[in-house]
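*Asks:* According to this note's numbering, the sequence shown is numbered sequentially starting from 497. Cβ coordinates follow ideal geometry from the N, Cα and C atoms, glycine included. Since this is a predicted model, take the numbers as computed values, not measurements.
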Amino acid sequence: MATSVALPTTDELRTIARNSLHRCGVTTATRSSKTVLARTPITGDDLFEFPAGDAADVAAAIDAAHEAFLRWRIVPGPIRGALIKRFGQLLVEHKQDIADLITIEVGKIRSEALGEAQEMIDICDFAVGLSRQLEGRTMPSERPGHRLMETWHPLGVVGVISAFNFPAAVWSWNLALAIVCGDSVVWKPAQVATLTAAACSALFERAAAESGAPENLNVLVPVSAADAHVLIDSPKVPLISATGSERMGGEIAPRIAARFGRMILELGGNNAVVVAPSADLDLATRGIVFAAAGTAGQRCTTLRRVIVHESIADELVGRISQVYGRLPIGDPFADGTLVGPLIDGNAYANMVKALDSAVAEGGEILAGGVRHESNESSFYVEPAIVRMPAQSAIVHRETFAPILYVLTYRTLDEAIALHNAVPQGLSSGIFTTDQREAERFMAADGSDCGIVNVNIGTSGAEIGGAFGGEKTTGGGRESGSDAWRGYMRRATNTINYSGELPLAQGVNFG
Ligand code: NAD
497 MATSVALPTT DELRTIARNS LHRCGVTTAT RSSKTVLART PITGDDLFEF PAGDAADVAA
557 AIDAAHEAFL RWRIVPGPIR GALIKRFGQL LVEHKQDIAD LITIEVGKIR SEALGEAQEM
617 IDICDFAVGL SRQLEGRTMP SERPGHRLME TWHPLGVVGV ISAFNFPAAV WSWNLALAIV
677 CGDSVVWKPA QVATLTAAAC SALFERAAAE SGAPENLNVL VPVSAADAHV LIDSPKVPLI
737 SATGSERMGG EIAPRIAARF GRMILELGGN NAVVVAPSAD LDLATRGIVF AAAGTAGQRC
797 TTLRRVIVHE SIADELVGRI SQVYGRLPIG DPFADGTLVG PLIDGNAYAN MVKALDSAVA
857 EGGEILAGGV RHESNESSFY VEPAIVRMPA QSAIVHRETF APILYVLTYR TLDEAIALHN
917 AVPQGLSSGI FTTDQREAER FMAADGSDCG IVNVNIGTSG AEIGGAFGGE KTTGGGRESG
977 SDAWRGYMRR ATNTINYSGE LPLAQGVNFG
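1) Taking the alpha-carbon positions, what's the residue 983 to residue 717 distance?
2) Just curious, the alpha helix (DSSP H) that residue 648 is in, first and last residue?
3) Quick check on the DSSP output: the alpha helix (DSSP H) that includes residue 883 runs from which residue to which?
4) Please check the pair residue 766 and residue 894, which I expect to be a contact at CB under 8 Å, by giving their CB distance rounded to whole angstroms.
5) For residue 854 and residue 633, I'd like the C-alpha separation in whole angstroms.
6) For residue 752, is the beta carbon positioned less than 6 Å from some heavy atom of the ligand NAD?
7) DSSP three-state label for residue 536, please.
8) Taking one C-beta from the region 850–870 and one from the region 772–780 each time, how about it: are there three or more such pairs within less than 8 Å?
9) I believe residue 847 touches residue 899 by the beta-carbon criterion, under 8 Å. Please report the beta-carbon distance rounded to the nearest angstrom.
10) In angstroms with no decimal places, state the Cα-to-Cα distance between residue 864 and residue 874.
11) Note down, in chain order, each residue of its chain lying with its Cβ closer than 7 Å to the Cβ of residue 784, except the 5 sequence neighbours on either side.
12) Quick check: the region 813–832 against the region 586–595, are there 3 or more CB pairs under 8 Å?
13) Leaving out five residues on either side along the sequence, give the residues of the same chain with a beta carbon under 6 Å from the beta carbon of residue 562.
14) Do you know offhand how far residue 544's Cα is from residue 812's?
15) Report the residue from 760, 588, 727 whose alpha carbon sits nearest the alpha carbon of residue 666.
16) Using 8 Å as the cut-off, can you tell me whether the region 637–644 makes contact with the region 701–709, which would need three or more C-beta pairs spanning the two stretches below that distance?
17) Helix, strand or coil: how does DSSP classify residue 542 here?
18) Just to confirm, is the Cβ distance from residue 619 to residue 861 under 7 Å?
19) Report yes if the C-beta distance between residue 753 and residue 904 is below 7 Å; otherwise report no.
20) Which residues does DSSP list as the beta-bridge partners of residue 589?
21) Cβ of residue 537 within 7 Å of Cβ of residue 603?
22) Rounding to the nearest angstrom, what Cα-Cα distance links residue 957 and residue 617 in this structure?
23) Can you grab the Cα-Cα spacing for the pair residue 511 / residue 597, in whole Å?
24) Assuming residue 949 contacts residue 794 under a Cβ cut-off of 8 Å, what Cβ separation, rounded to an integer in Å, is found between them?
25) What would DSSP say about residue 992, mapped onto helix, strand or coil?
26) Is the distance from the Cβ of residue 605 to the Cβ of residue 757 below 7 Å?
27) Measuring straight from C-alpha to C-alpha, what distance separates residue 607 and residue 830?
28) Do residue 765 and the ligand NAD come close, with the Cβ less than 6 Å from some heavy atom?
29) Quick check on residue 615: buried or exposed, where buried means 16 or more other Cβ atoms within 10 Å of its Cβ?
30) Whole-angstrom Cβ separation of residue 762 and residue 689, contact assumed at under 8 Å?
31) Any heavy atom of the ligand NAD closer than 6 Å to the Cβ of residue 603?
32) Thinking C-alpha only, which one of 827, 669, 625, 681 is nearest residue 650?
33) Spatial neighbours of residue 972 within its chain, please: CB distance less than 6 Å, with the 5 preceding and 5 following residues excluded, ordered by chain position.
34) Whose CA, out of 997, 517, 534, 884, lies closest to the CA of residue 1009?
35) Can you give the beta carbon distance from residue 531 to residue 546, rounded, assuming they're within the 8 Å contact cut?
36) Check the C-beta distance from residue 926 over to residue 913 and give it rounded, since I have them as a contact under 8 Å.
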């Protein structure tokens, strides 16, 4: 143990949580007698019991959401958009409440928790505009007097499964698009973030009631992973949008596929940046530190690998180590804190195990990895930097903690090969001032990720672009661009306005 962390009292946190829930209009989350024990990683203590649910509640939620869908799908898109507009206004009013709950339940520093709430507001704005743009194409028909076109229709109940580290924003990416697309949602959050989920759902319910929308367009089921099987297996849920670990994706994907359901999978990342000799090292250092140490290394887009040209490796590592040595670590509510707690003891144990493996594989811990003194059940750690040999197994795995592996390269081809050698394919970046290098990194034989940045770290995406990754990250896309098409079904329509019946491909049938 090293430096000691000053913590707020659990009673103070309990009061903030209860007040935020009250202002958001939370009463009870489900009709079930089953409860979940809310907890905060800030002190590691339990807060209070909260209604949860079980498999029977999930089944009832699916039925209720399906009934809501049958009514909602015939409401015009722009009127569906008006509900999301109202929801966005309520999020603006309650931004601080949502952010406080995020900080209490998952330990995000204030600025990042407010950023997550802002991301929800942004996706609402986006979805309101989208509600007037759910457009299909018209194609030339090969037959005279015929028109060929596409229409996009609501899909049904969308099952949203979310991870602890973005307890509100990921749901809102799904919800805002699903609702304007005419769908309804059953939301299974990470149980450690039940309070945040309850507050968000209560605000949405209020927006729906005020907009005259049907009840149960979003039904919250804060159940265990085991009870979520009802959602995974239900033929009444045509789309499952699931965010979490590769392990979770591996468990649910075959079950959804077995019933021919659709899925949007947003799974683990193992994100890297290449730092070229021409890079602006000030910019690179800032981008790297935010992406690697922000959210205490608990983002899917957290920077986990730096692949740096050997000629500048020592200088870059020196700069990063210097900043790491000054990072304020501690109470995420305190002004100036940049690194809050890990979610729990399990996360800390995984970090220690990964660092041990790294050393066993020839790695050298250059800075960090030390746990700060707090109490037995909260875990504040210094982000670690580890120099690794090119070939090592641990670098290929996502450890959900702040560990940054440093690898070196000689040629850009070698850097790209190292970059793409991991199973995951979420986010990537290159720091360079050489346009040829930047273009090569973005080209077909460059980075194989869903997100490819230039002179930006790997985390902190905007909602305007489609978000998601390839390979074991799951291939899903959410949020902006044309991700909305994933929440609708496409019909191809051919209309014959001639008096004849010509057949396609010149077929003659009598
Ligand atoms: P997790 O996989 O443990 O849990 C995620 C969610 O899935 C939780 O709600 C959990 O209860 C549920 N779940 C787990 N197993 C399930 C099963 N068999 N059936 C149904 N539900 C199940 O992940 P976590 O620890 O909450 O979050 C961290 C992980 O999420 C990291 O791997 C991170 O990279 C990933 N993540 C990915 C993205 C992305 O957009 N790609 C975003 C955020 C987090």
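*Replies:* The short version:
1) Rounded to whole angstroms, residue 983 to residue 717 spans 20 Å at the Cα level.
2) For residue 648, no alpha helix (DSSP H) run applies; the uninterrupted beta strand (DSSP E) run containing it begins and ends at 642–650, by DSSP.
3) For residue 883, no alpha helix (DSSP H) segment is defined; the enclosing uninterrupted segment is the beta strand (DSSP E) at 880–883.
4) That belief holds up - the Cβ atoms of residue 766 and residue 894 are roughly 5 Å apart, short of 8 Å.
5) Separation of residue 854 and residue 633 (C-alpha to C-alpha, rounded to the nearest whole angstrom) is 52 Å.
6) Judged by the Cβ position, residue 752 fails to qualify as a neighbour of the ligand NAD at the 6 Å threshold, every heavy atom of the ligand being at least this far.
7) Three-state result, residue 536: coil.
8) No, the region 850–870 does not touch the region 772–780.
9) Correct: roughly 6 Å between the Cβ atoms.
10) The straight-line gap from Cα to Cα measures roughly 18 Å.
11) Within the same chain, residue 784 has close Cβ partners 769, 799, 802, 816, 953.
12) Output reads no: the region 586–595 does not touch the region 813–832.
13) Within the same chain, Cβ atoms closer than 6 Å to the Cβ of residue 562 are found at 653, 732, the five residues on either side in sequence being excluded.
14) Taking the straight line joining both Cα atoms gives about 46 Å.
15) Minimum Cα distance to residue 666 is reached at 760.
16) Look at the beta carbons and you see the region 637–644 not touching the region 701–709: under three pairs across the two are nearer than 8 Å.
17) Of the three classes helix, strand and coil, the one that applies to residue 542 here is strand, per DSSP.
18) Cβ distance not < 7 Å, so residue 619 and residue 861 don't count as in contact.
19) No. Outside cutoff.
20) Bridge partners of residue 589: none, in fact.
21) Cβ atoms of residue 537 and residue 603: closer than 7 Å.
22) In this structure, the CA atom of residue 957 is about 15 Å from the CA atom of residue 617.
23) Note on geometry: alpha-carbon atoms of residue 511 and residue 597 lie some 11 Å from one another.
24) With a beta-carbon spacing of about 20 Å, residue 949 and residue 794 fall beyond the 8 Å limit used to define contacts.
25) DSSP, reduced to helix, strand and coil, places residue 992 within a strand of the structure shown.
26) Not closer than 7 Å, so no.
27) Rounded to the nearest angstrom, the two C-alpha atoms are 11 Å apart.
28) True, at least one ligand heavy atom lies under 6 Å from that Cβ.
29) By the C-beta density criterion, residue 615 is buried, having at least 16 other C-beta atoms within 10 angstroms.
30) The C-beta distance from residue 762 to residue 689 rounds to 16 Å, too long to meet the 8 Å contact threshold.
31) Every heavy atom of the ligand NAD is 6 Å or more from the Cβ of residue 603, so no.
32) Checking every option, the nearest Cα to that of residue 650 belongs to 681.
33) Cβ within range, chain order: 760, 761, 762, 964.
34) This structure gives no information on residue 1009, because the portion of the chain shown stretches from 497 to 1006.
35) Their Cβ separation, rounded to whole angstroms, is 6 Å, which keeps residue 531 and residue 546 in contact under 8 Å.
36) Incorrect: roughly 14 Å between the Cβ atoms, too far for contact.
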